[in-house]
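**Student:**
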Amino acid sequence: MGRLKALLVKEFIQMRRDRLTFAMIIGIPVIQLLIFGFAINTEVKHLPTAVFDQSLSREGRELLDAFVASGYFDVQEVAKSYGEMNEAVESGRCKVGIALPPDFASRLGRGEPGEVQVVVDASDSMSASSAIAAAQMLGMVRSQRVQARTLQSLGIRGARGTYDVRVRSWYNPDFVSSWYMVPGILGVILIMTLVMVTSMAIVRERELGTLEQLLVTPVHPWELLVSKIVPYIFMGYAQTTLALAVGVLVFRLPVRGSLGLFYALMSFYIVASLALGILISSAVKTQMQAMQLSFFIFLPSVLLSGFMFPREAMPPFFRALGALLPITHFLVIARGIILKGLGISFLWAPVGVLLAFIVVVFTLSVLRFHTKLE
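Position 79 of the sequence shown, counted from 1, bears residue number 79 in the UniProt record's numbering, the numbering being contiguous throughout.
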């Protein structure tokens with residue numbers, strides 16, 4: 001224990017002297033949270049829209065006002081022809097074009113469908129999907145209102161046997177994107193910084209020759225690896241606390257579950273990330289290689305974990321590949337506790353996977369490290 005204590009003291013002193021690393025610990029969580037939290041929004045609104053209204057009727061104005069009131073469409077240009085409307089979309093000035101024919105109001109008056117043309121720039125698939133869904137929903141709602149008014153004017157109360165679907169959105173009823181993103185950003189921050197910093201710290205000692213100096217002392221490989229992990233566990237908790245503070249204060253993130261449970265289970269993810277960093281350090285020779293390999297792990301962690309894209313939509317191979325990443329299971333824990341208020345009884349599965357990952361990766365790291373020492 002005396003040797004381990006001395007190694008831990010050395011690591012804490014080195015961390016304190018490395019001001020660049022310390023600045024990165026504090027700066028990266030805040031910057032990434034603000035960028036991702038404000039810039040990334042899965043619900044695209046306020047799409048620039050061009051309008052060509054040939055009907056010039058009260059019904060047409062009501063429909064266009066409903067489009068604007070939905071929040072998805074901002075009228076930027078009023079076109080005088082189909083060509084002008086199409087040119088506005090083609091040039092990129094507008095994402096959506098809405099055209100009403102001259103007989104729009106008269107068709108409604110005769111009880112016929114009023115045709116509305118919506119042109120969408122689908123080169124941006126996310127914006128296009130939001131525009132199409134909003135336009136279709138708006139058209140359905142307006143159609144129901146027109147039918148109801150028509151039936152009422154005829155003295156008919158309405159058809160029997162209609163569906164009354166009532167949707168209740170749990171955990172995030174207002175669909176606030178930042179609530180969904182902040183726990184994911186925390187996972188990305190931790191795996192990016194912890195893997196990179198740990199792997200580079202060990203490789204740096206090898207490059208400076210201090211690792212060879214440790215080899216002449218009666219230090220066991222596991223003691224050396226543990227001394228590299230423990231200081232960065234504190235670093236991970238510091239980043240977690242800072243990220244949660246920004247999430248709660250800036251994005252009004254609700255923490256519905258137990259913070260004590262969250263911090264306790266956070267340790268599994270932090271140690272898993274550090275074990276991965278140590279494994280990388282045993283496979284590379286320079287700090288540049290360690291950084292490159294860390295980024296190689298970082299990108300799949302963002303794309304395959306469910307951080308930004310639902311894993312259910314991925315092909316089976318990539319879904320299985322994502323299941324091997326620690327961040328995938330951390331997101332289940334973080335979103336489960338923070339947004340849903342889940343207890344440990346619902347989270348044994350992701351905790352078990354993280355524990356198995358730690359055992360396997362740390363064992364491989366010790367074996368590879370021991371082989372290098374010999």
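We treat Cβ as the ideally placed atom computed from N, Cα and C, and that holds for glycine. Predicted, not measured: the structure shown is a model, and the values here were computed from it.
Are three or more beta carbon pairs between the stretch 290-299 and the stretch 191-205 nearer than 8 Å?
**Tutor:** yes
**Student:** Let me know the secondary structure DSSP gives Val116 once reduced to three states.
**Tutor:** Taking the first residue of the sequence shown as 1, we reach residue 116 at position 116. The three-state secondary structure of Val116, taken from DSSP, is coil.
**Student:** For Leu259, count neighbouring C-beta atoms within 10 Å of its own C-beta (all shown protein chains included) and say buried if the count is 16 or more, exposed if not.
**Tutor:** Walking along the sequence shown from the start, residue 259 turns up at place 259. Label assigned to Leu259: exposed.
**Student:** What would DSSP say about Gln49, mapped onto helix, strand or coil?
**Tutor:** Taking the first residue of the sequence shown as position 1, residue 49 is located at position 49. Residue identity check: residue 49 is Thr in the sequence provided, not Gln. Of the three classes helix, strand and coil, the one that applies to Thr49 here is strand, per DSSP.
**Student:** Using the Cβ count rule (16 or more neighbours within 10 Å means buried), how would you classify Arg335?
**Tutor:** The sequence position of residue 335 within the sequence shown is 335, counting from 1. By the neighbour-count criterion, in which 16 or more other beta carbons inside 10 Å mark a residue as buried, Arg335 falls on the buried side.
**Student:** Could you tell me the alpha carbon to alpha carbon distance between Thr328 and Gly27, rounded to whole angstroms?
**Tutor:** Numbered from 1 along the sequence shown, position 328 holds the residue referred to as residue 328. Numbered from 1 along the sequence shown, position 27 holds the residue referred to as residue 27. Distance between the alpha carbons of Thr328 and Gly27 is about 24 Å.
**Student:** Return the CA-CA distance between Ser345 and Leu355, expressed in angstroms with no decimal places.
**Tutor:** The residue labelled residue 345 in the question sits at position 345 within the sequence shown. The residue labelled residue 355 in the question sits at position 355 within the sequence shown. Straight-line Cα distance between these residues: approximately 16 Å.
**Student:** Go ahead and label Phe307 buried or exposed: buried means 16 or more other beta carbons lie within 10 angstroms of its beta carbon, across all protein chains shown.
**Tutor:** Counted from its first residue, the sequence shown places residue 307 at position 307. It is buried - the Cβ of Phe307 has at least 16 other Cβ atoms within 10 Å.
**Student:** Does DSSP put Asp103 in a helix, a strand or coil?
**Tutor:** Counted from its first residue, the sequence shown places residue 103 at position 103. If DSSP states are grouped into helix, strand and coil, Asp103 belongs with coil.
**Student:** Name, in chain order, the residues that DSSP records as bridge partners for Asp74.
**Tutor:** Indexing the sequence shown from 1 puts residue 74 at position 74. Note: Asp74 sits in a beta bridge opposite Pro48.
**Student:** To the nearest angstrom, how far is it from the Cα of Ile98 to the Cα of Val176?
**Tutor:** Here the question's residue 98 lines up with position 98 in the sequence shown. Here the question's residue 176 lines up with position 176 in the sequence shown. In a straight line, the C-alpha of Ile98 is about 28 Å away from that of Val176.
**Student:** Just to confirm the assignment, what range does the alpha helix (DSSP H) spanning Leu279 have?
**Tutor:** By one-based count along the sequence shown, residue 279 stands at place 279. Residue range 259-281 is occupied by the alpha helix (DSSP H) that includes Leu279.
**Student:** So Ser294 is in the alpha helix (DSSP H); what residue range does that whole segment cover?
**Tutor:** Residue numbering aside, residue 294 sits at position 294 when the sequence shown is read from its first letter. Segment 287-304, the alpha helix (DSSP H) holding Ser294.
**Student:** Apart from the five residues on each side of it in sequence, which residues of its chain come closer than 6 Å, Cβ to Cβ, to Val119?
**Tutor:** Stepping through the sequence shown from its first residue, residue 119 is reached at position 119. So the list reads Val89, Gly97, once near-sequence residues are dropped.
**Student:** Using DSSP bridges, identify the partner residues of Val96.
**Tutor:** If you number the sequence shown from 1, residue 96 lands on position 96. Its beta-bridge partners are Thr49, Val120.
**Student:** Quick one: is residue 442 buried, meaning 16 or more other Cβ sit within 10 Å of its Cβ, or exposed?
**Tutor:** Since the first and last residues shown for the chain are 1 and 374, residue 442 lies out of range.
**Student:** Are at least three pairs of beta-carbons, each pair with one atom in the stretch 69-81 and one in the stretch 44-60, less than 8 Å apart?
**Tutor:** yes
**Student:** Could you tell me if Asp121 is buried or exposed, where buried requires 16 or more neighbouring beta carbons within 10 angstroms of its beta carbon?
**Tutor:** Within the sequence shown, the letter at position 121 stands for residue 121. By the 10 Å Cβ count, Asp121 comes out buried.
**Student:** Can you list, in chain order, the residues of its chain whose CB lies under 6 Å from that of Ile270, leaving out five sequence neighbours each side?
**Tutor:** Working through the sequence shown from its first residue, we reach residue 270 at position 270. For Ile270, where only same-chain residues beyond five positions count, the Cβ hits under 6 Å are Ile233, Gly236.
**Student:** With a cut-off of 8 Å, do at least 3 Cβ pairs link the stretch 311-318 to the stretch 247-257?
**Tutor:** no
**Student:** Label Thr240 either buried or exposed according to how many other C-beta atoms from any shown protein chain fall within 10 Å of its C-beta, with 16 as the threshold for buried.
**Tutor:** For the purposes of this step, residue 240 is taken as residue 240 along the sequence shown, with counting starting at 1. Classification of Thr240: buried, given that the 10 Å Cβ count is 16 or more.
**Student:** Can you tell me whether Leu274 is buried or exposed? The criterion is at least 16 other CB atoms within 10 Å of its CB, across all chains shown.
**Tutor:** Numbered from 1 along the sequence shown, position 274 holds the residue referred to as residue 274. Leu274 is buried by the Cβ-count criterion.
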